[in-house]
Structures are given as C-alpha cells and as structure tokens.
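Before any comments, here is the structure.
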Amino acid sequence: VRRCKCVGKDVCEDCWGLMQEAAVILTDTLREDFGYSELEWVYTGGRGYHCWVLDKTAFTLDQHQRTAIVEYMQLIHDPKGTQKIDEIGKFGDQIKKRIYVSLARNFIINEKKSFLLENAGFTQTTLKRAIQKLENSNILKDIVDSIPKDKEDQFLNSLIKYHYPSIDHKVTIDIRRLIRMPGSIHIRSKNISEFISNPDRFNPINDAKNMYDFIDS
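Heads up, the sequence shown is in our numbering, so the first residue is 27 and it goes up one at a time.
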C-alpha cells in the first residue's frame with residue numbers, strides 16, 4: 027500500500043509512518059477493547075514492530091483464542107489478493123471510531139492533496155474548510171461532518187486499505203513460534219532489535235542502533 031518510492035524490503039520515513047499509526051491503533055485496541063495493560067513494543071531491526079502482551083491472562087490463550095483477537099482487529103482478509111474490506115458491523119463501532127479519531131483527522135490535516143482525498147470528493151475549498159475545523163477539534167462528529175456528503179464509506183474504506191494496520195496473522199497466533207529478541211541483530215539491515223517506549227514517534231531511519239555503530243566506536 028506504500029505510495030513512496032520504496033520497493034521490496036526498503037523502508038523510508040514516509041512508509042514508516044504506517045508503523046507509527048499502527049502502534050497507536052493497536053495499543054488503543056488492546057487496552058480499551060481487551061483490557062490488556064502490560065504492552066511492550068519491540069522494533070524488529072527490520073521493517074516492523076512486535077507488540078508483546080505481557081498480561082498473565084494473555085499467556086493462557088490458545089491458538090483459537092489468539093485467532094479470535096486477530097480476526098476482530100483485522101479488517102482485510104485477503105486470501106485472493108483482492109484487498110476486499112470486511113463489513114464493519116455494530117460490533118466494530120469502536121474500531122470505526124478509532125480509525126476516524128486516530129487516522130482520519132491527522133490524514134485530512136496533513137495530506138493537503140492526494141489521490142485518496144480527491145477520490146473522497148475533497149475539493150480545495152472543502153479541504154481548506156475541513157482543516158480549519160479539525161485543527162481545533164478531535165471530536166468524532168466534527169471529523170465525520172468534514173467528509174463530503176455520500177463519501178463517508180468510500181473515505182473510510184480508503185483509510186482502512188492504505189493506513190489501517192496490517193497484522194502478521196501467522197506470527198500472532200502461533201504459540202510455538204520463536205520471536206526476535208531485543209538485543210539481537212537483524213541479518214539484513216544489521217540494526218539491533220530493541221524495546222521502544224514511544225513507537226508512535228520512533229523512526230529507524232534516524233533512531234535505530236546499528237551493529238556497525240558499536241564496531242566503529
């Protein structure tokens with residue numbers, strides 16, 4: 027879904043913004059919807075994060091229970107590569123609200139002009155009016171009202187497709203899988219995996235520790 031010039035396993039500041047957004051959404055979902063409080067974010071050294079849920083109750087979950095949590099959070103189930111977005115029913119109202127407050131507001135304010143905004147019916151006048159309204163508000167009603175009429179579903183689906191977190195299903199549900207330990211070195215990037223206290227602001231381009239930094243020093 028990246029719209030920068032990165033291909034393959036490359037990462038830049040623009041596409042890492044998707045990771046920062048993902049950390050905010052997943053932290054809020056795990057805390058507010060599931061009641062977990064002991065969350066540790068780990069930079070893998072490569073292209074993503076792992077979120078460790080250290081609450082004692084999480085350690086007792088079997089594979090089916092872990093799958094149920096992932097299914098709740100994952101809005102694109104895409105075995106055929108069609109990027110088909112699931113219907114967000116009444117049980118997804120909390121997630122829907124979170125997408126608007128955590129993603130839509132900042133997206134409208136910061137994107138100024140993009141194909142996503144144009145497809146959602148934002149003219150320059152509409153966009154300017156929306157930015158003025160949202161700069162001083164994060165109220166759900168103000169965000170929804172800023173979206174052109176009859177374009178809400180299209181805008182929401184675009185946000186889900188291009189900005190909502192993509193979760194590694196197999197890693198999350200596998201109770202026997204080995205995960206990358208903080209302090210280990212990523213074989214490709216040579217960056218060091220580490221605990222991150224502010225995953226919404228961490229940027230590996232500037233903040234990651236690299237093996238060669240220590241060798242050179």
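Every residue gets a Cβ at the ideal spot worked out from N, C-alpha and C, and that includes glycine.
Straight-line measurement puts the Cα of F85 at about 30 Å from the Cα of L129. Distance from the Cα of K159 is smallest, within the candidate group V68, V79 and D171, for D171. For the options Q89, R57, E137 and T70, the alpha carbon positioned closest to that of Q120 is the one of R57.
Exposure of H90 is indicated by the presence of fewer than 16 other C-beta atoms within 10 angstroms of its C-beta. Listed in chain order, the non-local C-beta contacts of K123 below 8 Å within the same chain comprise L166, local neighbours out to five positions each way being set aside. With 16 or more neighbouring CB atoms inside 10 Å of its own CB, G71 falls in the buried class.
The residues E39, in chain order, have a CB closer than 6 Å to that of I231 in the same chain once the five nearest residues on each side in sequence are set aside.
Around the Cβ of S192, a 10 Å sphere holds fewer than 16 other Cβ atoms; the residue is exposed. L204 counts as exposed, since fewer than 16 other beta carbons sit within 10 angstroms of its beta carbon.
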